[in-house]
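Peer 1:
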Amino acid sequence: MKQLKVRYGTYSYDGDNVIIYEIEKVDCFLQFVHRGYSTEKEHLKQLGDDESTRRDSQILELSRMGKSLREIASQVGCGKSTVGRVIHRSKENEKAIVPSVPPSQPLGEREMGQDGTPDNTERKEAKA
Numbered sequence: 003m004k005q006l007k008v009r010y011g012t013y014s015y016d017g018d019n020v021i022i023y024e025i026e027k028v029d030c031f032l033q034f035v036h037r038g039y040s041t042e043k044e045h046l047k048q049l050g051d052d053e054s055t056r057r058d059s060q061i062l063e064l065s066r067m068g069k070s071l072r073e074i075a076s077q078v079g080c081g082k083s084t085v086g087r088v089i090h091r092s093k094e095n096e097k098a099i100v101p102s103v104p105p106s107q108p109l110g111e112r113e114m115g116q117d118g119t120p121d122n123t124e125r126k127e128a129k130a
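3 is the number of the first residue of the sequence shown in my numbering; add one for each residue after it.
1) Rounded to whole angstroms, what is the Cα-Cα separation between I21 and Q33?
2) Determine the DSSP secondary structure at R87, reduced to helix, strand or coil.
3) Taking N19 as the reference, give the member of V8, D29, G11 and G38 with the closest Cα.
4) Please classify V85 as buried or exposed, where buried requires at least 16 other C-beta atoms within 10 Å of its C-beta.
5) Does the ligand ADP have a heavy atom nearer than 7 Å to the CB of E96?
6) Taking the alpha-carbon of R91 as reference, which of R72, E73, L62 and V78 has the nearest alpha-carbon?
7) Compute the distance between the beta-carbons of C80 and R66, then report whether it is under 8 Å.
8) On the CB-based measure, 16 or more other CB atoms within 10 Å of its CB, does L64 come out buried or exposed?
9) For N95 and H45, I'd like the C-alpha separation in whole angstroms.
10) Excluding sequence positions up to five away, which residues of its chain have a Cβ less than 8 Å from the Cβ of H36?
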């Protein structure tokens, strides 16, 4: 159990100090039984590299199929913001990939540009 808000008094049970309870049935009544103290980090699930890669590829596949962020989030079992972040990161990585560019080669009077199309800069300068 983590303390979220304090109106009066001290803030005692934050992320570094959480109370551990266990739900037990005692005499036909469910109740919390105190088990100790711990840090919040010990109880949060950490995704491994393999799990997150698998999740990310599933998100991207569903996105390519035209599903909305909410639909993808509910199918994959994560938040809408996480889905948006994965898709955005993927698009940034696609933009960062530089396609292989053929080297410039002379073609008679014209030169080839880096994108493989004729370079017309000399003609434009001559006309001006």
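C-beta: ideal position from N, C-alpha, C; glycine also.
Because the structure is a prediction, the values reported are computed rather than measured.
Peer 2: Let me spell this out:
1) Start at 1 with the first residue of the sequence shown, and residue 21 comes out as number 19. Start at 1 with the first residue of the sequence shown, and residue 33 comes out as number 31. For I21 and Q33, the distance between alpha carbons rounds to 15 Å.
2) Position 85 of the sequence shown holds residue 87. Residue state for R87 is assigned as helix, using DSSP reduced to three classes.
3) Counted from its first residue, the sequence shown places residue 19 at position 17. N19 has its Cα closest to that of G38, out of V8, D29, G11 and G38.
4) Here residue 85 is taken as the residue at index 83 of the sequence shown, counted from 1. Counting every other CB atom within 10 Å of its CB across the protein chains shown gives V85 a total of 16 or more, marking it as buried.
5) The ligand ADP is not part of the structure shown, which contains no ligands of any sort.
6) As a working mapping, residue 91 is identified with position 89 in the sequence shown. Just measuring C-alpha positions, the residue of R72, E73, L62 and V78 sitting nearest R91 is L62.
7) Here the question's residue 80 lines up with position 78 in the sequence shown. Here the question's residue 66 lines up with position 64 in the sequence shown. Against a cut-off of 8 Å, the Cβ pair of R66 and C80 comes out as no contact.
8) Counting from one through the sequence shown, the residue named residue 64 turns up at place 62. By the 10 Å Cβ count, L64 comes out buried.
9) Residue mapping note: residue 95 aligns to position 93 of the sequence shown, counting from 1. Residue mapping note: residue 45 aligns to position 43 of the sequence shown, counting from 1. Using only the alpha carbons, I get a separation of about 33 Å.
10) Walking along the sequence shown from the start, residue 36 turns up at place 34. Hits under 8 Å: I21, I22 and Y23.
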